[in-house]
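A short worksheet on the structure shown next.
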Amino acid sequence: MARHLVTSALPYINGVKHLGNLVGSMLPADVYARYLRARGHEVLFICATDEHGTPAELAAAEAGITVTDFCARAHDIQKRIYDDFGLSFDYFGRTSSPQNAEITQHFARKLHEHGFLEERSVRQVYSVTDGRFLPDRYVVGTCPHCAYERARGDQCENCTRLLDPTDLVDPRSAISGTADLEVRETAHLYFRQSALQHEIQAWIDATAEDWPHLTVSIARKWLAEGVHDRAVTRDLDWGVPVPADVWPELAALGKVFYVWFDAPLGYLAATKEWSDADPLRADWKSWWFDAEDVRYTEFMGKDNVPFHTVMFPAMQLGVREPWKMVDYIKSFNWLNYYGGKFSTSQHRGIFTDDALDLLPADYWRYFMIANAPESDDVSFTWDLFAAQVNKDLADVLGNFVNRVLTFIAKRFGDTLPAGAAPGHAEQELGGQLVELLERYEDHLDRIELRKATAVLRAIWSLGNEYINNKAPWAQWKTDPEAAALTLRTAANLVYLFAQISEPLIPTSAQTLRQLWDVPKRDTPDAHWPQASEVAALAWLAAGTRFTVPPVLFTKITEDDLVSWRERFGAEEEIR
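Just so we're aligned, residue 0 is where the sequence shown starts under numbering that gives the first Met the number 0, counting upward by one.
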């Protein structure tokens, strides 16, 4: 059985992330990791904060603290939010770790050894007012491709084109705002990606056959346009230093590696952090180096695809060492807010800390996975959110659980009744559930999250259909034994729902699992039901004690929506 390595794109350190960041990488990765664990697979789910680069320096300066202190605080804030969202990272590290510096410098030395990293003299933007060379993100201006007026010197946030600072129209310093800029000569390290283009192409041809169309189309577009050599050092105080044993002059000038050189290596480094933190854990290299038994899956938004399909693989190929390369890349389009992009820099949309102030995590988790932007951009609206939460979570799942257990408690006390033997209706129900569960598993195996959520909802709905057709409240009046069978079967449906809903709504699933006085599992992660168990619906025997839970999901009211639209803005204010 393969071991599964799962990573999500590293959230950048400069501030709390919005829901678009969450649904574009970390949340779907968590759903997949939880599902794999439930099926009994060995899983390592790794992420980290991406901490180097100019935005961290700028944010720290704005906050009036050192960049070291800023990143430490921001990491802790993000980690707490992700914990509250139920993200089950095995380790959530930091790219500013000593482990990442060690691995980044190792890759640089090896790339240099094999002729893929070389020093070049370049002309770079220099700010006379600031008295320094400006790294790419310290230069802002108008994008020459789409005319976006706040493009950065490395990439346009609007059209996602990669840029050089000298490409910008009307450039200015992000530090002081000055336009008193000159182009002067300096030296940087360049990664000779062009020399690896054919190897990257061959790797994608051999690997990407079953990747999502979005991932493959972006990767092939980049390759078709030609892979260019790129500078991988910057003039910053904050970052992984260029190793002085190989490039003493550049080290003396304080050059550090470009954030997108060390960031993907943060996956390896966070795994090493995880391994180093506990001597009983496996050595980190067993997951990354010559790891033929590992299946590696990455999750990311579409803006990160070029780096993960071209640059990072080129780095791994260029070092001529057997590092584990990705097997499957699940990429996502944008989750928009009323047709406009969520934006961290402009604080537009709903941010993860605000979301948790409004409602528990499972409300958001379910809605975002049910509407994951897998094939197209998806627009968030408050009306859509409320309608789906109220109908699916409150009415279909929550109401089923509460009315079943409340009625049992009312008629039979706090233990499940025995009742008659299962009949045709129960056999038919079991068969339908087995078929739906197979479809649900297939979609999760393929990481087709919207389809998986639709099937899960169909399974919940099947429980409602069963109890509505059997009508135990009417059976009770004429045939208490038949009513008891219906209710015990419905209780087992609740038990099933707890098991299979856990990847999407883990807190609610845990609540449902804890309702029953049954022995604790020896292996709490491996709890996925087998087809024979689903067909029988007999996990909970007669006499099993239970408790009636409080309301699982509170409905969103029109007053709530009025308040939230006023707080966060709505359609007429976004467009």
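Glycine included, each C-beta is placed from N, C-alpha and C at the ideal position.
Let me know the secondary structure DSSP gives residue i once reduced to three states.
{"i": "Gly-462", "result": "helix"}
{"i": "Glu-154", "result": "Reading off the sequence shown, one finds Gln at residue 154, where the question assumed Glu. Gln-154: strand per DSSP, three-state reduction."}
{"i": "Gly-140", "result": "strand"}
{"i": "Met-314", "result": "helix"}
{"i": "Cys-70", "result": "helix"}
{"i": "Ser-120", "result": "strand"}
{"i": "Val-309", "result": "helix"}
{"i": "Val-22", "result": "helix"}
{"i": "Ile-368", "result": "helix"}
{"i": "Gly-430", "result": "helix"}
{"i": "His-105", "result": "helix"}
{"i": "Ile-328", "result": "strand"}
{"i": "Glu-184", "result": "strand"}
{"i": "Trp-237", "result": "coil"}
{"i": "His-3", "result": "strand"}
{"i": "Glu-92", "result": "Per the sequence shown, the amino acid found at residue 92 is Gly instead of Glu. Three-state DSSP puts Gly-92 in a strand."}
{"i": "Leu-43", "result": "strand"}
{"i": "Thr-159", "result": "coil"}
{"i": "Asp-391", "result": "helix"}
{"i": "Pro-505", "result": "helix"}
{"i": "Asp-521", "result": "Here Asp-521 scores only 48 on pLDDT, less than 50, and its place in the model is too uncertain to base an answer on."}
With the cut-off set at 9 Å, would you say residue i and residue j are in Cβ contact?
{"i": "Asp-129", "j": "Phe-190", "result": "no"}
{"i": "Leu-495", "j": "Leu-455", "result": "no"}
{"i": "Val-5", "j": "Leu-35", "result": "yes"}
{"i": "Glu-118", "j": "Leu-188", "result": "yes"}
{"i": "His-51", "j": "Val-231", "result": "no"}
{"i": "Ala-508", "j": "Arg-294", "result": "no"}
{"i": "Ala-569", "j": "Trp-381", "result": "yes"}
{"i": "Ala-47", "j": "Thr-94", "result": "yes"}
{"i": "Ala-281", "j": "Val-22", "result": "no"}
{"i": "Ala-100", "j": "Asp-261", "result": "yes"}
{"i": "Leu-503", "j": "Pro-548", "result": "no"}
{"i": "Ala-490", "j": "Leu-539", "result": "yes"}
{"i": "Arg-402", "j": "Trp-475", "result": "no"}
{"i": "Ala-313", "j": "Leu-551", "result": "no"}
Within the same chain, show all residues whose beta-carbon is closer than 7 Å to that of residue i, passing over the 5 residues directly before and after it, in chain order.
{"i": "Ala-451", "result": "Tyr-439, His-442 and Leu-443"}
{"i": "Ala-59", "result": "Thr-65, Val-66 and Phe-69"}
{"i": "Cys-145", "result": "Cys-155, Asn-157 and Cys-158"}
{"i": "Asn-389", "result": "Lys-554 and Ile-555"}
{"i": "Pro-240", "result": "Ala-250 and Val-255"}
{"i": "Asn-303", "result": "Ala-8"}
{"i": "Asp-204", "result": "none"}
{"i": "Ala-218", "result": "Ile-203, Ala-207, Val-304, Thr-308 and Val-309"}
{"i": "Thr-477", "result": "none"}
Considering only residues of the same chain and omitting the five flanking positions on each side of residue i, which have a CB-CB separation below 6 Å?
{"i": "Ala-534", "result": "Gly-429 and Val-433"}
{"i": "Asn-463", "result": "Phe-399"}
{"i": "Ile-102", "result": "Leu-264, Leu-267 and Ala-268"}
{"i": "Lys-329", "result": "Phe-298 and Ile-446"}
{"i": "Asp-521", "result": "With a pLDDT of only 48 at Asp-521, under 50, the local geometry of the prediction cannot be trusted, and no value is derived from it."}
{"i": "Ala-173", "result": "Tyr-137 and Val-139"}
{"i": "Lys-109", "result": "Val-318"}
{"i": "Tyr-125", "result": "Phe-132, Glu-181 and Arg-183"}
Within its chain, find whatever has a CB closer than 8 Å to the CB of residue i; leave out the 5 residues flanking it on each side and keep chain order.
{"i": "Gly-85", "result": "Asp-29, Ala-360, Asp-361, Arg-364, Pro-505 and Thr-506"}
{"i": "Pro-523", "result": "Low confidence applies here, because Pro-523 scores a pLDDT of 48, under 50, leaving its location unreliable and the question unanswered by this model."}
{"i": "Asp-275", "result": "Gln-98 and Trp-283"}
{"i": "Arg-171", "result": "Val-138, Val-139, Gly-140, Thr-177, Ala-178 and Leu-180"}
{"i": "Tyr-327", "result": "Asp-209, Trp-210, Arg-294, Tyr-295, Thr-296, Glu-297 and Ile-446"}
{"i": "Leu-435", "result": "Val-454, Ala-457, Ile-458 and Leu-461"}
Would you report the Cα separation of residue i and residue j, rounded to the nearest angstrom?
{"i": "Leu-486", "j": "Ala-473", "result": "12 Å"}
{"i": "Leu-357", "j": "Leu-383", "result": "16 Å"}
{"i": "Ala-73", "j": "His-17", "result": "14 Å"}
{"i": "Leu-43", "j": "Phe-331", "result": "22 Å"}
{"i": "Asn-468", "j": "Asp-277", "result": "54 Å"}
{"i": "Pro-416", "j": "Leu-492", "result": "15 Å"}
{"i": "Ser-211", "j": "Asp-89", "result": "As written in the sequence, residue 211 is Pro, which differs from the Ser given in the question. Between Pro-211 and Asp-89, the C-alpha separation is close to 26 Å."}
{"i": "Cys-142", "j": "Ala-178", "result": "16 Å"}
{"i": "Thr-414", "j": "Phe-545", "result": "6 Å"}
{"i": "Glu-480", "j": "Ile-458", "result": "26 Å"}
{"i": "Phe-567", "j": "Gln-104", "result": "44 Å"}
{"i": "Met-367", "j": "Arg-449", "result": "9 Å"}
{"i": "Gln-315", "j": "Pro-10", "result": "22 Å"}
{"i": "Gly-39", "j": "His-526", "result": "8 Å"}
{"i": "Gln-123", "j": "Thr-185", "result": "7 Å"}
Cβ of residue i less than 9 Å from any chain B Cβ?
{"i": "Asp-302", "result": "Included in the structure is just one protein chain, with no chain B present."}
Any contact between the region 318-326 and the region 288-307? By contact I mean 3 or more CB pairs, one from each, below 8 Å.
yes
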